[in-house]
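First comes the structure, then the notes that go with it.
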Amino acid sequence: MENATRNITKIILQYDTGVPGIVIIGLFIIMAGSITMLYVTRKDYSSFFRNMSLSVLMGYASFILCATLLFREKTACARCYMIPFASYDDLYYKMIAEILLNVLFFIPIGFLIAAAVKQKGFHFVLCTGCMFSLAIETAQLLCHRGICNIDDVFHNTLGCAIGYVVYRLCKSIQKIFTKRNIILSD
920 MENATRNITK IILQYDTGVP GIVIIGLFII MAGSITMLYV TRKDYSSFFR NMSLSVLMGY
980 ASFILCATLL FREKTACARC YMIPFASYDD LYYKMIAEIL LNVLFFIPIG FLIAAAVKQK
1040 GFHFVLCTGC MFSLAIETAQ LLCHRGICNI DDVFHNTLGC AIGYVVYRLC KSIQKIFTKR
1100 NIILSD
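Read in order, the letters of the sequence shown correspond to residues 920 to 1105 in the working numbering.
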């Protein structure tokens, strides 16, 4: 276990993000501590599942922030594209891959928000995902890291919507199997 921790720390510190390595390691320690704390204080399975979903959501959101902000090169000036769907004018394989990655990266966000927050519906998940994406794009603009693109907000929000639908499908399948087990056990 000690070797694995040392290797992970070495990998994290290899990136020159402009953020001190101790801050990044501290964030990972806080995340691991919160997951452990949630596990220790669980009362029932459903709240445990929501708490774990919230912890995984925090960790995944941290990963997204690192990938979109911290691990990007700082540019001399801000780059911003605010014309909706302008990137669709000249679609090529790299642009299609970027669009798919934007959607795919936010599917877990939509799924985890739906799993972590009890009794919240589609609109809450959609608005939360959109606000998170908008915050990332704004930070990219202000920090001169990456390209602030309104299309990314749309694609990320679409990914959240897909994640919510996947969550609802999983819940429906779970109910069917739970109902079937009750019938079979009688």
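By construction, the Cβ of each residue, glycine as well, lies at the ideal position given by its N, Cα and C atoms. Keep in mind it's a predicted model, so treat the numbers as computed, not measured.
- Query: What number of angstroms, rounded off, separates the C-alpha of ALA875 from the C-alpha of LEU976?
  - Reply: Residue 875 falls outside the range modelled here, since the chain spans only 920 to 1105, and no answer is possible.
- Query: If we count the other Cβ atoms within 10 Å of its Cβ and call it buried at 16 or more, is LEU1077 buried or exposed?
  - Reply: Numbered from 1 along the sequence shown, position 158 holds the residue referred to as residue 1077. Buried, by the Cβ-count rule.
- Item | Backbone secondary structure at CYS996 - three-state DSSP | Stepping through the sequence shown from its first residue, residue 996 is reached at position 77. Coil, per DSSP.
- Item | Outcome for PRO1027 when other beta-carbon atoms lying within 10 angstroms are tallied against a minimum of 16 | In the sequence shown, counting from the first residue as 1, residue 1027 sits at position 108. It is buried - the Cβ of PRO1027 has at least 16 other Cβ atoms within 10 Å.
- Message: Assuming the contact rule is C-beta atoms closer than 8 angstroms, SER989 and ILE1055 should be a hit. Round their C-beta distance to whole Å, please.
- Response: On the sequence shown, residue 989 is found 70 positions in, with the first residue counted as 1. On the sequence shown, residue 1055 is found 136 positions in, with the first residue counted as 1. A quick correction: the sequence has Leu, not Ser, at residue 989. With 8 angstroms as the limit, LEU989 and ILE1055 do not qualify as a contact, their Cβ atoms being about 11 angstroms apart.
- Task: Return the CA-CA distance between ALA1080 and SER1091, expressed in angstroms with no decimal places.
- Result: In the sequence shown, residue 1080 corresponds to position 161, counting from 1. In the sequence shown, residue 1091 corresponds to position 172, counting from 1. Roughly 17 angstroms between the two C-alpha positions.
- Item | C-alpha distance - LEU1088 paired with SER1052, whole-angstrom precision | Residue numbering aside, residue 1088 sits at position 169 when the sequence shown is read from its first letter. Residue numbering aside, residue 1052 sits at position 133 when the sequence shown is read from its first letter. Their backbone Cα atoms lie some 24 angstroms apart in a straight line.
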